[in-house]
Amino acid sequence: MGERRIPQATASRLPRYLQALVEAAERGQETISSDGLARAAGLNSAIVRKDVSFLGTAGTRGVGYAVPDLATEISAILGITVDRPVVIVGIGNLGRALATYGGFTRRGFTTVALVDVAEDVIGTRVGEHLVEPVSQLATIVAERGVELGVLATPSQHTQAAANQLVACGVRGLLNFAPVRLEVPGDVTVRSVDLSTELQLLSFYQQMAATDLSAATG
């Protein structure tokens, strides 16, 4: 696996395939065709077959892919064959929602700590965790083996929070604030800007309405 190069476009679709495979396994399904995987992932079968060709698991003509084998291969490529420890920084409304989201565990991630700076939040319980002070972040990262940090802080504090995580040795950040983070070259940042996604959704709906109007006008 180490010698294979997975194209970025393919890598971006692997979580969708894994989710479809997990759901198939939960239904007791042992094999899945490229058409079935494509429907479950919201793609077309040609893209699925091309993406899977980059992986180490081959399908069987007339049968499809073995669900557990393909799920294991994708999990290995995504680096989640064992649960990866995560810390969530910022326990406001979004942070609380993320802290109680069961999907992380089902997808190979374990939330091991919640941290905040607010005195009225520190010491409160959210789900299975007590919120701890951000001043303890270095100890938390070292003792609990934290590999990934989730930033759910207000925008004006997000860069500082990212700096703290990086200083503690965390090299993977998931950022929910609408700010561009400045980080060292060996740190990977993925940003989820909910307002931008809504704006794009509005744009596509407007375009669809315009096309429909033009077609019926």
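Residue numbers (our numbering): 6 to 222.
Cβ atoms here follow ideal geometry from the backbone N, Cα and C, with glycine treated the same way.
**Request:** Could you give the DSSP three-state label for P159: helix, strand or coil?
**Result:** coil
**Item:** Every unbroken beta strand (DSSP E) within the stretch 163-205, with a cutoff of 3 residues, ordered by chain
**Value:** 177-180 and 193-196
**Asked** How big is the Cα-Cα spacing for G69 and S17?
**Response** 22 Å
**Message:** Could you tell me which whole alpha helix (DSSP H) segments of length 4 or greater appear in the stretch 56-123?
**Reply:** With a minimum length of 4 residues, the continuous alpha helix (DSSP H) runs that stay inside the stretch 56-123 are 72-83, 98-104 and 108-111.
**Prompt:** Measuring CB to CB, does D280 end up less than 7 Å from T15?
**Reply:** Absent from the structure is residue 280, since the part of the chain shown begins at 6 and ends at 222.
**Message:** Can you look up T36 in the DSSP assignment and give me helix, strand or coil?
**Reply:** strand
**Message:** Between R195, P159, L203 and V188, which has its C-alpha nearest G97's C-alpha?
**Reply:** The residue from R195, P159, L203 and V188 with its alpha-carbon nearest to that of G97 is P159.
**Asked** Going straight from the alpha carbon of G7 to that of E152, what length do you get?
**Response** A caution first: G7 carries a pLDDT of 45, below 50, which makes its placement in the model unreliable, though a value can still be read off. Those two C-alpha atoms are separated by around 20 Å.
**Message:** Give me the DSSP bridge partner(s) of G154.
**Reply:** DSSP lists V92 and L178 as partners of G154.
**Message:** Could you tell me the alpha carbon to alpha carbon distance between N49 and D40, rounded to whole angstroms?
**Reply:** 7 Å
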